[in-house]
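The sequence shown begins at 1 in the UniProt record's numbering and counts up by one.
One structure is given below, encoded as structure tokens.
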Amino acid sequence: MVIRLVPEASNLSLGDLLYALRRLDLLIAQAVATAPTVYGVEAATDAYRGLYISREEVERLLDREPGIPTLQVGEKALKQVSLKSISNSSRLGWLKDTFSLSEFDIDLIFIALAPEVDLRYERLYAYLQDDVTRKRPSVDLALNLLCSSAEAKLLHRAHFVSNAPLIRHRLIHLIPDTNQSQPPLLAHYLKLDEQIVRLLLEQEGLDLRLLPYCQMVKPSVSLDELPLNTTIKQALRSLTLQSWQTQQPLRLYFQGTDDIYQNLTAQALASEVGAKLVSANMTQLVAIKEDFEQIVLLLVREACLQRAILYLQGMDALCSDEKIFSYQNLLDELSHYAGIVVLAGTQPWISSGQDPNGVIAVPFTIPNFSERLACWQTHLHQADILLPEVALNTLADRFRLMPGQIAAAVVDASNRSRWRTAISNSDASKSSMLLGDLFSAARSQSGHDLAGLAHKIEPLYTWDDIILSDDARTQLQEMYQWVVHRHQVLQEWGFGRKLAYDRGVSALFAGPSGTGKTMSAEIIAKALGLDLYKINLSSVVSKYIGETEKNLERIFTAAENANAILFFDEADALFGKRSEVRDAHDRYANIEIAYLLQRMEQYEGITILATNLRQNIDDAFMRRLQFIIEFPFPDEERRRQIWEILIPKEAPQDEGIDYEFLARQFRFSGGNIKNIVLKAAFLAAAEGGCITMKYLVRATWRESQKIGQAIGKNDFGKYAEMLP
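The following block contains the structure:
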């Protein structure tokens with residue numbers, strides 16, 4: 001069986017419907033004429049009819065031949081009111097052809113449809129069934145109306161078995177009599193499915209049973225409005241138009257993480273052919289369990305009746321082993337459908353022979369720079385936000401976002417700007433939106449998967465907050481400029497066409513602890529407006545062969561869409577001085593290093609390796625990195641600058657602090673000096689004074705004790721008397 005769309009502009013005219021009901025009236029009239037003979041003349045005046053069974057009624061029942069239709073309509077009468085020919089272009093004709101229905105099936109449909117059109121049929125059916133509570137037609141009543149002999153009645157019971165078209169396709173439901181326990185087939189009521197009622201009565205709207213799980217829209221978006229690759233647009237348009245015009249099945253699978261634009265693309269395809277879009281979320285549907293098969297059938301049929309494209313998103317929900325039967329049921333139902341179905345999910349599609357039509361996979365990958373730029377321009381224009389060209393290029397280059405994420409970022413940035421304007425009670429316009437709002441909004445659209453695998457650091461520092469050697473600062477600035485001018489060099493100057501990989505930035509920060517490696521990573525992240533994630537390599541490396549690569553793969557896969565700087569700390573946990581390979585573990589250690597470097601080269605963002613022991617890393621590995629920046633232990637002059645810069649201007653401090661003495665006398669790293677200054681500030685606050693040399697001396701003494709540095713009281717010279 002192939003289920004095709006309802007013919008365009010098809011209908012069951014009012015005249016045809018009235019003819020069918022008048023025909024039913026004639027059959028009922030014939031049956032009513034025999035009612036006195038069947039139920040007895042006294043039945044009409046018996047006030048207690050139905051509460052007891054009289055002897056006369058028993059004798060009448062025994063006098064009848066078994067199986068003879070109770071309300072016998074003659075063969076001649078049936079022929080006189082035969083059905084008119086059904087046009088194939090009508091809705092009834094579609095129903096008849098699609099589900100291979102006989103004229104007897106069509107009669108049953110009209111018997112069940114009649115009370116949906118006119119409630120007088122409920123009273124007529126109750127009369128004919130000799131019971132005021134039985135207002136719906138039973139199987140027995142239908143057979144009595146349509147069969148002229150016992151043989152015909154027995155033969156036509158076949159229309160109610162499980163594999164009969166009306167029952168198998170759930171066009172008519174058999175409802176058991178609630179007053180009986182396990183009633184016979186003849187006592188079951190006929191209920192025409194609501195979809196078929198709506199089809200025949202030409203009622204609009206979505207089936208009520210589908211409302212919790214899906215929606216129907218009349219799309220207005222076009223393919224030309226979407227920031228999709230031109231080639232992909234043309235291919236989708238061609239496939240869709242061809243399928244719609246020829247009524248040939250088409251199965252598309254949108255693979256990607258951008259739910260918004262997958263949905264918009266499905267809407268655009270429907271708009272191309274002037275169709276509606278019936279969409280459902282499979283994550284919600286699989287939760288139904290026992291009703292899943294029924295809902296899937298209704299979905300497919302609804303798409304037919306509405307002349308719609310069917311869009312099923314969240315297909316990943318069917319990928320688990322426990323959902324295999326639901327998955328197979330869905331494919332089986334779709335295999336009978338001749339319309340267009342768009343499926344969407346994040347995992348690759350696995351071909352199955354269950355659907356002979358197959359599936360065409362359409363990847364929804366991250367757009368290239370030009371496509372991202374066009375998307376930013378479109379959504380910013382719609383939001384009436386004006387940005388300089390340089391700022392637009394920066395957003396498009398720095399954030400590798402999907403179209404849906406860009407749209408959401410613009411809305412988010414607008415709201416951030418509105419809130420800031422409301423807080424400041426100003427009348428700033430949309431055009432005055434800070435670029436920082438857009439950067440913050442863009443960052444919020446990514447990195448969610450990476451958050452569970454790495455520690456996110458909120459960058460606080462700027463270039464003015466750090467004291468470095470001239471060479472280290474220069475290299476950091478070069479590293480920053482590499483990212484700033486990446487679009488110009490790779491796109492405008494064409495270098496991108498020459499690079500299969502190494503489009504990102506990879507660096508090694510080498511130096512003792514506390515010399516500014518992490519702080520430098522924060523400064524670059526803040527300057528570029530990017531998120532910073534710190535990964536401790538010692539927790540990634542596994543003693544089990546192959547596990548380290550899996551851990552690294554999870555991190556880089558999550559980072560692909562994070563638009564973030566990856567800061568790998570304690571790199572010497574993985575890198576070691578390469579030596580002769582003595583066993584399998586040595587070989588796999590080199591494999592792990594090679595794998596990390598390969599993933600760093602493929603990553604289009606910034607990756608930084610930090611180590612305290614550069615000498616432990618082989619030169620062959622370092623040659624694959626673009627920047628190697630040394631963070632030497634600060635000399636006396638650098639230490640003096642660090643002492644001075646770490647006390648904020650807002651903090652009360654004594655003018656007599658001897659920074660030269662502290663820098664000359666104590667050989668501390670920047671990290672240790674920061675600890676000392678902070679401890680001194682708390683000591684001063686506790687005693688209600690300002691930061692003086694006394695508190696700095698005491699804090700220095702405590703820090704030396706903490707780190708085990710051999711410093712005696714004599715080392716404090718004239719300040720020794722300040723020690724506790």
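Ideal Cβ placement from N, Cα and C applies to all residues, glycine included.
Treat the numbers as computed from the prediction; the structure is a model and nothing was measured.
Determine the burial state of residue i: buried for a count of at least 16 other Cβ atoms within 10 Å of its Cβ, exposed for fewer.
i: Thr394; result: buried
i: Gln313; result: buried
i: Ser431; result: Note that Ser431 scores a pLDDT of 46, beneath 50, so its modelled location is shaky and nothing firm can be said.
i: Trp493; result: exposed
i: Leu201; result: exposed
i: Glu592; result: buried
i: Thr548; result: buried
i: His188; result: buried
i: Lys649; result: exposed
i: Trp94; result: buried
i: Pro634; result: buried
i: Thr700; result: buried
i: Val390; result: exposed
i: Val161; result: exposed
i: Cys304; result: buried
i: residue 752; result: Given a span of 1 to 724 for the chain in the structure shown, any question on residue 752 remains unanswerable.
i: Lys713; result: exposed
i: Glu103; result: exposed
i: His485; result: exposed
i: Val489; result: exposed
i: Thr692; result: buried
i: Cys147; result: buried
Quick one: what does DSSP say residue i is sitting in, helix, strand or coil?
i: Asp654; result: coil
i: Thr607; result: strand
i: Gly717; result: helix
i: Gln313; result: strand
i: Tyr480; result: helix
i: Val132; result: coil
i: Phe621; result: helix
i: Asp207; result: coil
i: Ile350; result: coil
i: Leu236; result: helix
i: Arg578; result: Because the pLDDT of Arg578 is 47, which lies under 50, any placement of that residue in the model is unreliable, and the number read from its coordinates should be weighed accordingly. Of the three classes helix, strand and coil, the one that applies to Arg578 here is coil, per DSSP.
i: Lys706; result: helix
i: Asp384; result: coil
i: Asp397; result: helix
i: Val6; result: coil
i: Tyr125; result: helix
i: Val273; result: coil
i: Tyr461; result: coil
i: Leu174; result: strand
If I measure Cβ to Cβ from residue i and keep anything under 7 angstroms in the same chain, skipping five residues before and after, which residues do I get?
i: Asp437; result: Ala413, Arg416, Ser417
i: Leu613; result: Asp572
i: His379; result: Ile406, Ala407, Val410
i: Ala710; result: none
Can you tell me which residues form a DSSP beta bridge with residue i?
i: Met216; result: Val278
i: Gly345; result: Gln255
i: Asp569; result: Asn536
i: Ala632; result: Ala is not the amino acid found at residue 632; the sequence shown has Pro there. Pro632 pairs with nothing; no bridge assigned.
i: Ser138; result: Tyr189
i: Leu508; result: Leu609, Ile628
i: Asp531; result: Ala564
i: Ala361; result: Tyr253
Given residue i, which residues of its chain have a CB within under 6 angstroms of its CB, disregarding the five upstream and five downstream residues?
i: Pro363; result: Gln255
i: Lys706; result: none
i: Leu609; result: Leu508, Phe568, Ala571
i: Leu373; result: Ala396
i: Met722; result: Lys694, Val697
i: Arg639; result: Ala663
Flag residue i as yes if its beta-carbon sits less than 8 angstroms from any beta-carbon of chain B, otherwise no.
i: Ser102; result: This model lacks chain B altogether; it includes just one protein chain.
Return the chain-ordered list of same chain residues with a C-beta closer than 8 angstroms to the C-beta of residue i, the five sequence neighbours on each side being excluded.
i: Thr193; result: The amino acid at residue 193 is misidentified as Thr; the sequence shows Asp. Answer for Asp193: Arg170, Leu171, Ile172, His173, listed in chain order.
i: Val197; result: Leu113, Glu116, Gln203
At least 3 beta-carbon pairs within less than 8 angstroms: the region 511-522 vs the region 453-467: At 8 angstroms Cβ cutoff, the stretches touch.
Cβ contact (3+ pairs, closer than 8 angstroms) linking the region 444-451 and the region 553-571: At 8 angstroms Cβ cutoff, the stretches touch.
Sufficient close CB pairs (3 or more, under 8 angstroms) joining the region 263-272 to the region 203-220: Taking a cut-off of 8 angstroms on C-beta distances, the region 263-272 touches the region 203-220, as three or more cross pairs fall below it.
Stretch-stretch touch, CB-based, cutoff 8 angstroms, three pairs: the region 269-283 with the region 239-247: The answer is yes - the region 239-247 touches the region 269-283, with three or more Cβ pairs under 8 angstroms.
At least three beta-carbon pairs within less than 8 angstroms, the region 550-562 to the region 465-480: The region 550-562 makes no contact with the region 465-480: fewer than 3 CB pairs, one atom from each, lie closer than 8 angstroms.
The region 334-351 / the region 242-253 touching (three or more Cβ pairs under 8 angstroms): Segments in contact, yes.
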